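Asks: Top line first, the protein sequences correspond to chains A and B.
In this note's numbering, each residue carries its 1-based index in the first sequence increased by 103.
In this note's numbering, each residue carries its 1-based index in the second sequence increased by 103.
Ideal Cβ placement from N, Cα and C applies to all residues, glycine included.
For clarity, every value in this text was computed on a predicted model and none was experimentally measured.
Take this structure, written in structure tokens, and hold onto it; I'll ask about it next.
There are 2 protein chains.
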Amino acid sequence: MTIVLGDADLDRVPVMRLALEAIEAAMVARAGGSLIAPARHTVGFPGHGDMTFTIGGSIGSGGVAGFRVYERFAGPVHRQLIAVWATDSARLEGLVVGERLGNIRTGAIGGVAIRHMSAPDASIVGLVGTGTQARTQLAAAAAVRTLEDVRVFSRDAAKCARFAREMTHELDLPIRAVASARAAVDGADIVLCATISTTPVIELAWLKPGVHINTVASKTVGVHEVGVDIAEGADLIATDSPEQTRAYGKPFFLAGTAANDRMADLAAIVTGKLPGRQSGTAMSLFCSQGLAGTEVFVAARVLAAFRSAGLAPIGVDAD
Amino acid sequence: MTIVLGDADLDRVPVMRLALEAIEAAMVARAGGSLIAPARHTVGFPGHGDMTFTIGGSIGSGGVAGFRVYERFAGPVHRQLIAVWATDSARLEGLVVGERLGNIRTGAIGGVAIRHMSAPDASIVGLVGTGTQARTQLAAAAAVRTLEDVRVFSRDAAKCARFAREMTHELDLPIRAVASARAAVDGADIVLCATISTTPVIELAWLKPGVHINTVASKTVGVHEVGVDIAEGADLIATDSPEQTRAYGKPFFLAGTAANDRMADLAAIVTGKLPGRQSGTAMSLFCSQGLAGTEVFVAARVLAAFRSAGLAPIGVDAD
Chain A
104 MTIVLGDADL
114 DRVPVMRLAL
124 EAIEAAMVAR
134 AGGSLIAPAR
144 HTVGFPGHGD
154 MTFTIGGSIG
164 SGGVAGFRVY
174 ERFAGPVHRQ
184 LIAVWATDSA
194 RLEGLVVGER
204 LGNIRTGAIG
214 GVAIRHMSAP
224 DASIVGLVGT
234 GTQARTQLAA
244 AAAVRTLEDV
254 RVFSRDAAKC
264 ARFAREMTHE
274 LDLPIRAVAS
284 ARAAVDGADI
294 VLCATISTTP
304 VIELAWLKPG
314 VHINTVASKT
324 VGVHEVGVDI
334 AEGADLIATD
344 SPEQTRAYGK
354 PFFLAGTAAN
364 DRMADLAAIV
374 TGKLPGRQSG
384 TAMSLFCSQG
394 LAGTEVFVAA
404 RVLAAFRSAG
414 LAPIGVDAD
Chain B
104 MTIVLGDADL
114 DRVPVMRLAL
124 EAIEAAMVAR
134 AGGSLIAPAR
144 HTVGFPGHGD
154 MTFTIGGSIG
164 SGGVAGFRVY
174 ERFAGPVHRQ
184 LIAVWATDSA
194 RLEGLVVGER
204 LGNIRTGAIG
214 GVAIRHMSAP
224 DASIVGLVGT
234 GTQARTQLAA
244 AAAVRTLEDV
254 RVFSRDAAKC
264 ARFAREMTHE
274 LDLPIRAVAS
284 ARAAVDGADI
294 VLCATISTTP
304 VIELAWLKPG
314 VHINTVASKT
324 VGVHEVGVDI
334 AEGADLIATD
344 SPEQTRAYGK
354 PFFLAGTAAN
364 DRMADLAAIV
374 TGKLPGRQSG
384 TAMSLFCSQG
394 LAGTEVFVAA
404 RVLAAFRSAG
414 LAPIGVDAD
């Protein structure tokens with residue numbers, strides 16, 4: 104039976120926990136050379152937009168293969184599609200239609216970075232940004248660390264207040280809207296930047312020793328929400344896809360810097376091939392790229408959870 | 104509402120008629136420069152197989168965008184996936200899961216070639232091959248010409264007899280299994296070759312004046328079911344994708360021949376930009392390549408038929 108899931112189905116399984124497991128497994132596959140994650144493939148439809156495919160999976164026993172596709176056409180509603188096949192049996196395991204799984208995947212990548220790079224007792228989060236990525240980054244942080252205080256800032260105070268209210272309810276955590284990015288990150292053990300800003304939203308001087316930072320937004324020269332000085336100042340810097348940092352049309356914001364040369368592959372840290380955090384005062388920075396193939400791992404876990412629980416999907420809901 | 108169709112749903116609409124309309128529309132779009140049909144994109148999963156994407160659609164008002172994906176992994180059941188978005192609204196129109204639509208599409212391309220290249224009064228079909236492609240080529244021929252006699256040959260006599268019985272029932276036509284390829288094509292107005300043979304299955308001397316031939320199988324140097332002499336002898340030769348004839352790993356079987364130089368684009372014949380059949384005794388040959396993007400056109404028509412009829416899909420059936 105090919106399972107077809109929609110966005111509403113993702114609330115019926117512990118989706119962030121499954122996604123974190125999937126990303127850990129993808130990192131292990133990557134470190135072992137069994138992850139398939141070629142560069143994205145985009146086809147243009149001149150005058151309308153384009154379609155981008157991230158195709159990937161894993162080889163070896165129990166491998167999965169599939170893709171995520173998203174379009175950039177003009178319209179009020181967008182629907183991504185993720186499909187998963189089992190490479191052992193050629194079985195189409197299922198489809199996931201909607202916008203949520205891709206975002207949860209990006210959150211889970213951030214969560215795996217926090218798990219393996221931040222201080223084990225990190226409990227205070229400073230969050231800059233209140234969009235979809237901010238939500239999933241925070242949910243992932245809450246899943247891997249015992250949080251006691253979360254401060255969130257965005258330039259839109261009303262949106263910030265709503266975010267704090269909604270995420271307090273969703274995560275059962277005290278989340279406070281604060282009046283500045285500085286107030287958000289002051290004393291924070293974990294700083295999450297998930298904005299649409301083209302210029303740095305935090306300053307090195309605001310950060311406490313031992314902080315870990317995730318940056319999710321664009322990271323090209325002249326367009327980055329975290330400054331080069333923070334990267335240069337970090338004792339540990341990593342990304343989930345060094346290849347992708349070299350595959351943009353514009354150079355990566357750290358291209359040509361010493362920080363770039365010592366940037367680690369998160370998969371190497373996850374699997375212990377490279378050391379992670381060395382001290383309680385070390386500063387660490389994770390540059391999230393959205394490693395190709397990871398969507399397929401996450402979708403495969405979610406589909407397997409539906410299958411093993413015998414859950415009947417709600418499926419693709421009405422527009 | 105995103106519609107998800109499975110193979111069984113395709114019997115609930117006049118699928119070959121819709122497919123022929125879709126291919127005609129795709130040919131018009133192609134001739135007008137609004138068809139998007141880049142080369143196929145394949146990603147390997149070493150030790151398991153690979154996945155191939157044909158991505159395409161059309162630009163302009165009412166345009167569609169999407170793809171077909173199929174895998175080559177080892178397994179008893181294979182499930183292709185076709186997805187269609189509207190470029191005007193970004194709406195995901197729907198998904199078609201299964202093996203049938205791709206084959207129906209290839210049949211319909213053959214049908215459009217027959218409609219525009221064969222004699223208008225062609226009524227006798229000689230068919231070599233009894234596989235899936237043979238079925239859809241014959242169904243398409245029956246949809247565009249008034250057939251009176253169909254003869255089918257394959258090396259497996261039992262399979263051939265079963266094919267004749269099943270297709271007689273399906274198409275409500277007299278279909279006879281015959282003992283040789285020569286008996287099948289002798290006197291035929293339309294010859295359909297849809298085999299897995301690597302060497303020619305018909306001879307030029309067997310063909311009657313005015314015959315039209317469709318060849319569906321591999322067409323690379325040293326691996327082709329129709330001989331170069333037949334191509335050289337044809338008065339009119341066409342393909343649905345000249346680009347694809349140049350995109351194989353191995354050269355096209357007519358590469359370097361005079362026949363190749365005068366091979367027309369079927370879209371140009373369909374739209375009257377190039378002349379088609381010039382006389383009742385002209386021999387014509389269509390080399391089917393499976394123009395990229397056409398699956399999206401066919402799926403879009405089928406999905407629209409479901410939508411406009413308010414049909415509830417059966418969906419993806421159980422393995």
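If residue 214(B) sits next to residue 246(B), beta carbons under 8 Å apart, how far is it from one beta carbon to the other, in whole angstroms?
Replies: As a position in the second sequence, residue 214(B) is number 111, starting the count at 1. As a position in the second sequence, residue 246(B) is number 143, starting the count at 1. Right, the Cβ-Cβ distance comes to about 6 Å (below 8 Å), so this counts as a contact.
Asks: With a threshold of 6 Å on Cβ separation, who are the neighbours of residue 254(B) within its own chain once the five nearest residues in sequence on each side are excluded?
Replies: Residue mapping note: residue 254(B) aligns to position 151 of the second sequence, counting from 1. These residues qualify, in order along the chain: 229, 279, 281 and 287.
Asks: Quick one: using the 10 Å Cβ neighbour count with 16 as the cut-off for buried, is residue 325(A) buried or exposed?
Replies: Start at 1 with the first residue of the first sequence, and residue 325(A) comes out as number 222. Label assigned to residue 325(A): exposed.
Asks: Quick check: the Cα distance between residue 304(A) and residue 314(A), rounded to an integer number of angstroms?
Replies: Here residue 304(A) refers to the residue found at position 201 when the first sequence is read from its first residue. Here residue 314(A) refers to the residue found at position 211 when the first sequence is read from its first residue. Going from the Cα of residue 304(A) to the Cα of residue 314(A) covers about 16 Å.
Asks: How would you label residue 327(B), buried or exposed, when you count the other beta carbons within 10 angstroms and need 16 or more for buried?
Replies: Working through the second sequence from its first residue, we reach residue 327(B) at position 224. That one is buried.
Asks: Report the residue ranges of all alpha helix (DSSP H) runs contained in full by the segment 177-260 of chain B; include only those spanning at least 4 residues, in chain order.
Replies: You should have 203-220 and 235-247.
Asks: Does the beta-carbon distance from residue 185(B) to residue 167(B) come in below 9 Å?
Replies: The count along the second sequence starts at 1 and reaches residue 185(B) at position 82. The count along the second sequence starts at 1 and reaches residue 167(B) at position 64. Their beta carbons are not under 9 Å apart, which means residue 185(B) does not touch residue 167(B) by this criterion.
Asks: Could you check whether the Cβ of residue 423(A) sits closer than 9 Å to any Cβ belonging to chain B?
Replies: An answer regarding residue 423(A) cannot be provided, because it is not within the stretch 104 to 422 covered by chain A.
Asks: Note down, in chain order, each residue of its chain lying with its Cβ closer than 7 Å to the Cβ of residue 197(B), except the 5 sequence neighbours on either side.
Replies: Position 94 of the second sequence, counting from 1, holds the residue named residue 197(B). Only 105, 106, 107, 108, 187 and 406 meet the Cβ criterion.
Asks: From the DSSP output, read off the bridge partner residues of residue 138(B).
Replies: Along the second sequence, one-based indexing puts residue 138(B) at 35. DSSP, once it has assigned bridges, lists 161(B) as partnering residue 138(B).
Asks: Might you give, ordered along the chain, the residues of its own chain that have their beta carbon closer than 7 Å to the beta carbon of residue 371(B), omitting 5 neighbours on each side?
Replies: Indexing the second sequence from 1 puts residue 371(B) at position 268. Closer than 7 Å at Cβ, skipping near neighbours: 134 and 377.
Asks: If you drop the 5 nearest sequence neighbours on each side, which residues of the same chain put their C-beta closer than 6 Å to that of residue 421(A)?
Replies: Counted from its first residue, the first sequence places residue 421(A) at position 318. Here the model assigns residue 421(A) a pLDDT of 49, short of 50, so the residue's position is not dependable, and the following value carries that caveat. Here the set comprises nothing.
Asks: Across the segment 174-183 of chain A and the segment 384-397 of chain A, are there enough close Cβ pairs to call them in contact, namely three or more that are closer than 8 Å?
Replies: Contact fails: fewer than three Cβ-Cβ distances are below 8 Å.
Asks: Assuming residue 356(A) is part of the alpha helix (DSSP H), what are its boundary residues?
Replies: Translated into positions along the first sequence, residue 356(A) becomes position 253. Neither: residue 356(A) is in no alpha helix (DSSP H) and is coded neither H nor E.
Asks: Flag residue 127(A) as yes if its beta-carbon sits less than 9 Å from any beta-carbon of chain B, otherwise no.
Replies: Locating residue 127(A) in the first sequence gives position 24, counting from the first residue. With 9 Å as the cut-off, residue 127(A) does not count as an interface residue toward chain B.
Asks: Return the residue from the list 121(B), 221(B) and 374(B) that minimises the CA-CA distance to residue 385(B).
Replies: If you number the second sequence from 1, residue 385(B) lands on position 282. The shortest Cα separation from residue 385(B) among 121(B), 221(B) and 374(B) belongs to 221(B).
Asks: Taking DSSP as the reference, what is the three-state secondary structure of residue 411(A)?
Replies: Taking the first residue of the first sequence as position 1, residue 411(A) is located at position 308. Residue 411(A): helix per DSSP, three-state reduction.
Asks: Could you tell me the distance, in whole angstroms, from the CA atom of residue 344(B) to the CA atom of residue 368(B)?
Replies: On the second sequence, residue 344(B) is found 241 positions in, with the first residue counted as 1. On the second sequence, residue 368(B) is found 265 positions in, with the first residue counted as 1. Cα to Cα, the separation comes out at about 7 Å.
Asks: So is residue 404(B) buried or exposed if we call it buried at 16+ other beta carbons inside 10 Å?
Replies: For the purposes of this step, residue 404(B) is identified with residue 301 of the second sequence, where counting begins at 1. Label assigned to residue 404(B): buried.
Asks: Measuring alpha carbon to alpha carbon, tell me which residue in 207(B), 202(B), 331(B) and 340(B) is nearest residue 175(B).
Replies: Taking the second sequence and counting its residues from 1, the one referred to as residue 175(B) is at position 72. For residue 175(B), the nearest C-alpha among the options comes from 202(B).
Asks: With 9 Å as the threshold, decide whether the Cβ of residue 166(B) is near any Cβ in chain C.
Replies: You won't find chain C in this structure, because its protein chains are A and B.
Asks: Should the segment 134-144 of chain A be called in touch with the segment 143-153 of chain B, which here means at least 3 C-beta pairs below 8 Å?
Replies: Contact between the segment 134-144 of chain A and the segment 143-153 of chain B is present, because at least three Cβ pairs lie under 8 Å.
Asks: Kindly identify the DSSP beta-bridge partner or partners of residue 340(A).
Replies: Mapped onto the first sequence, residue 340(A) falls at position 237. Note: residue 340(A) sits in a beta bridge opposite 388(A).
Asks: Does chain A have any CB closer than 9 Å to the CB of residue 204(B)?
Replies: Along the second sequence, one-based indexing puts residue 204(B) at 101. No, because no Cβ of chain A sits closer than 9 Å to the Cβ of residue 204(B).
Asks: Using a Cβ-Cβ cut-off of 9 Å, state whether residue 406(A) counts as contacting chain B.
Replies: Looking up residue 406(A) in the first sequence gives position 303. For residue 406(A), the answer is no, since every Cβ of chain B falls outside 9 Å of its Cβ.
Asks: Jot down the residue ranges of each uninterrupted beta strand (DSSP E) in the segment 302-352 of chain B, minimum 3 residues, whole runs only, in chain order.
Replies: Correct list: 315-318 and 339-342.
Asks: Distance, Cα to Cα, residue 416(A) vs residue 112(A)?
Replies: Position 313 of the first sequence, counted from the start, is the residue given in the question as residue 416(A). Position 9 of the first sequence, counted from the start, is the residue given in the question as residue 112(A). Answer to the nearest angstrom: the Cα atoms are 6 Å apart.
Asks: What's the gap between the Cα of residue 375(B) and the Cα of residue 366(B)?
Replies: Along the second sequence, read from residue 1 onward, the residue named residue 375(B) stands at position 272. Along the second sequence, read from residue 1 onward, the residue named residue 366(B) stands at position 263. Whole-angstrom Cα-Cα distance: 15 Å.
Asks: Along chain A, in chain order, which residues have C-beta atoms closer than 9 Å to that of residue 192(B)?
Replies: As a working note, residue 192(B) is residue 89 in the second sequence. Those within 9 Å of residue 192(B) in chain A are 176, 177, 178, 179 and 180.
Asks: Below 8 Å on the Cβ atoms is my guess for residue 239(A) versus residue 206(A); work out the distance and round it to an integer in Å.
Replies: Locating residue 239(A) in the first sequence gives position 136, where the first residue counts as 1. Locating residue 206(A) in the first sequence gives position 103, where the first residue counts as 1. Correct: roughly 5 Å between the Cβ atoms.
Asks: Beta-carbon of residue 422(B) versus every beta-carbon of chain A: anything under 9 Å?
Replies: By 1-based counting over the second sequence, the position of residue 422(B) is 319. Low local confidence applies: a pLDDT of 43 at residue 422(B) is under 50, so the model's placement there is unreliable, with the coordinate-based value given in what follows. Answer yes: the Cβ-Cβ gap between residue 422(B) and chain A drops below 9 Å somewhere.
Asks: Quick one, are the C-beta atoms of residue 317(A) and residue 294(A) less than 9 Å apart?
Replies: Within the first sequence, the letter at position 214 stands for residue 317(A). Within the first sequence, the letter at position 191 stands for residue 294(A). Their beta carbons are under 9 Å apart, which means residue 317(A) touches residue 294(A) by this criterion.
Asks: Residue 141(B) versus chain A: which residues are under 7 Å apart at the beta carbon?
Replies: Locating residue 141(B) in the second sequence gives position 38, where the first residue counts as 1. Within chain A, the residues near residue 141(B) are 146.
Asks: Quick one: is residue 257(A) buried, meaning 16 or more other Cβ sit within 10 Å of its Cβ, or exposed?
Replies: Here residue 257(A) is taken as the residue at index 154 of the first sequence, counted from 1. By the 10 Å Cβ count, residue 257(A) comes out buried.
Asks: Taking its Cβ as the centre, do 16 or more other Cβ atoms sit within 10 Å of residue 129(A), making it buried, or is it exposed?
Replies: Within the first sequence, the letter at position 26 stands for residue 129(A). Per the 10 Å Cβ criterion, buried.
Asks: Would you say residue 235(B) reaches chain A, if we count a Cβ-Cβ gap shorter than 9 Å as a contact?
Replies: Here residue 235(B) refers to the residue found at position 132 of the second sequence. Answer no: the Cβ-Cβ gap between residue 235(B) and chain A never drops below 9 Å.
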